[in-house]
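What follows is a single structure, written as structure tokens, with notes after it.
In our numbering, the protein residues as written are 4 to 346.
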């Protein structure tokens, strides 16, 4: 079959994924510093304003002058869905290309990345009355929504955390209204991203080393004032039920302020839940056969060189961007300095 000569040419799009703490930010900075590239955040928690200490969010002075997008774009009590993310980022991709730069999507929220690249199904319209009943049921009987979803749609229940009430409500709502499992509907009617040929790079550090880093990072964020940061968010008038305060570390810090946990217990729970979260991220991304995996952390110079070589070959396959491969090759021998706050 001959190619469609009227179809728009494909453009490069680089996605960098992996578990939390694997060094995605540092690798992205090293690559974006060698290319004309702009970084698009794909970490759902870094989108929230005022959540800085517990998110490993790079401060402006740490971004090395590289444009970053989708950071600090939502209020703590605002719900940002995967569909919202995709609708905001897709126009950004075209804008970045128009500036002669390459979009570099970086983060560990796999559902958001899938929404961006593969699109989301068009599910039933939200039913406020049903959602209110489901919310009240969960309030009265914590864990009940996850048990209901396990009966209605076991695959969806396996991927949604039992404490992620927002996702549980939507999943149960869809199953009840559509009279079909959400997991079946997810593959139907998607609007895939057109005009791009993405390259997905995955970071795969040794688990024992990653867990050690995560435990140290959790302790560091508590010592840096995570509990005070939550106190300041509440002082701004945001309620304890704000979506952002459900995030790892923030939920535990909030419980300290509510007198339900001691600080050391909150730290221990955060460390445990962060390890579990990293495991879930590995499981999610391992299901995607299109991801090219690199063993190690993103701040490792050897890994940075290996990824630069792969990206060089990738860019050479785009006539309009092949010249950028030379920039990567030139930088392969002098990667960026490691940043201890890299996520």
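Glycine included, every Cβ here is placed at the ideal spot set by N, Cα and C. Here the structure is a predicted model, which means the values were calculated and not measured.
Using DSSP with H/G/I as helix, E/B as strand and the rest coil, what is residue 170?
Helix.
Using the C-alpha atoms, what's the distance from residue 60 back to residue 52?
Each residue's Cα considered, the two are about 10 Å apart.
What residue does the alpha helix (DSSP H) around residue 306 start on, and which one ends it?
That run of the alpha helix (DSSP H) goes 304–319.
Rounded to whole angstroms, what's the CA-CA distance from residue 139 to residue 263? Just pull it up for me.
The straight-line gap from Cα to Cα measures roughly 22 Å.
Can you give the Cα-Cα distance for residue 224 and residue 62, rounded to whole angstroms?
If you take the alpha carbons of residue 224 and residue 62, they lie about 15 Å apart.
Have a look at residue 229 and residue 207 and give me their C-alpha separation to the nearest angstrom.
If you take the alpha carbons of residue 229 and residue 207, they lie about 28 Å apart.
Should residue 45 and residue 109 be called a contact, given that it needs their Cβ atoms to be closer than 8 Å?
Cβ atoms of residue 45 and residue 109: closer than 8 Å.
Does the pairing of the region 282–293 with the region 304–318 give three or more beta-carbon distances under 8 Å?
As far as the Cβ criterion goes, the region 282–293 does not touch the region 304–318, which means the pair count is below three.
Using a threshold of 8 Å, state whether the C-beta atoms of residue 251 and residue 243 are closer than that.
In this structure, residue 243 does not lie closer than 8 Å to residue 251 by Cβ.
Exposed or buried, which one is residue 261 when buried takes at least 16 other CB atoms within 10 Å?
Label assigned to residue 261: exposed.
Cutting at 6 Å between CB atoms, please list the residues of its own chain near residue 57, excluding the five before and the five after it.
So the qualifying residues of the chain are 224, 229, 252, 253.
DSSP three-state label for residue 149, please.
It is helical.
Quick check on this structure: which residue in 133, 22, 68, 86 has the alpha carbon closest to the alpha carbon of residue 122?
The candidate whose alpha carbon is nearest that of residue 122 is 86.
For a test of the three-state rule: what should DSSP assign to residue 103, helix, strand or coil?
Three-state result, residue 103: coil.
Have a look at 28, 54, 161, 34 and flag the residue whose alpha-carbon is nearest the alpha-carbon of residue 246.
That would be 54, whose Cα lies nearest to the Cα of residue 246.
I want to know whether the region 161–178 touches the region 144–153 - three or more CB-CB distances under 8 Å.
In short, these stretches touch, since the Cβ pair count reaches three.
Would you call residue 10 buried or exposed, if buried means 16 or more other Cβ atoms sit within 10 Å of its Cβ?
Bear in mind that a pLDDT of 42 at residue 10, under 50, signals an unreliable position, so the number given afterwards is only what the model happens to contain. So residue 10 ends up on the exposed side.
With a Cβ-Cβ cutoff of 8 Å, do residue 20 and residue 203 count as a contact?
Yes, they are a contact pair.
Given this structure, state the Cα-to-Cα distance separating residue 126 from residue 158, to the nearest angstrom.
Roughly 17 Å separates the two Cα atoms.
By alpha-carbon positions, which one of 39, 119, 286 ends up nearest to residue 205?
When each option's Cα is compared against that of residue 205, the closest is 286.
Counting along the chain, where does the alpha helix (DSSP H) carrying residue 300 start and finish?
Taken as a continuous stretch (DSSP letters only), residue 300 belongs to no alpha helix (DSSP H), as it is neither H nor E.
Take residue 216 and list the residues in its own chain whose beta-carbon comes closer than 6 Å to its own, dropping the five residues that flank it on each side.
Excluding residues within five positions, the ones whose Cβ falls inside 6 Å are 24.
Quick check on residue 207: does DSSP put it in helix, strand or coil?
Looking at residue 207 - three-state DSSP - the assignment turns out to be strand.
If you run the structure through DSSP and keep just helix, strand and coil, what is residue 199?
Strand.
If you follow the alpha helix (DSSP H) that residue 420 is part of, which residue opens it and which one closes it?
Residue 420 is absent from the structure shown; the chain starts at 4 and stops at 346.
Would residue 273 be called buried (16 or more neighbouring beta carbons within 10 Å of its own) or exposed?
Label assigned to residue 273: buried.
Can you give me the C-alpha to C-alpha distance between residue 135 and residue 275, rounded to a whole angstrom?
Near 31 Å, if we compare the C-alpha coordinates of residue 275 and residue 135.
With a CB to CB cut of under 6 Å and the five nearest residues on each side skipped, what residues in its chain are close to residue 196?
120.
Determine the burial state of residue 220: buried for a count of at least 16 other Cβ atoms within 10 Å of its Cβ, exposed for fewer.
Buried, because 16 or more other Cβ atoms sit within 10 Å of the Cβ of residue 220.
With a threshold of 16 other CB atoms inside 10 Å of the CB of residue 71, please say whether the residue is buried or exposed.
Residue 71 comes out buried.
Rounded to the nearest angstrom, how far is the Cβ of residue 198 from that of residue 13, given a contact under 8 Å?
Contact flag correct, Cβ pair sits at about 6 Å.
What do you reckon, are the CB atoms on residue 38 and residue 329 nearer than 8 Å?
Not in contact: residue 38 and residue 329 (Cβ atoms no closer than 8 Å).
Let me make sure I understand the geometry here. Which of 212, 142, 106 has the alpha-carbon closest to that of residue 324?
Measuring from the Cα of residue 324, the nearest candidate turns out to be 106.
Considering only the beta carbon of each residue, do residue 18 and residue 201 sit closer than 8 Å?
Contact flag set, yes.
Could you give the first and the last residue of the continuous beta strand (DSSP E) run that contains residue 43?
First-last of the beta strand (DSSP E) with residue 43: 40–44.
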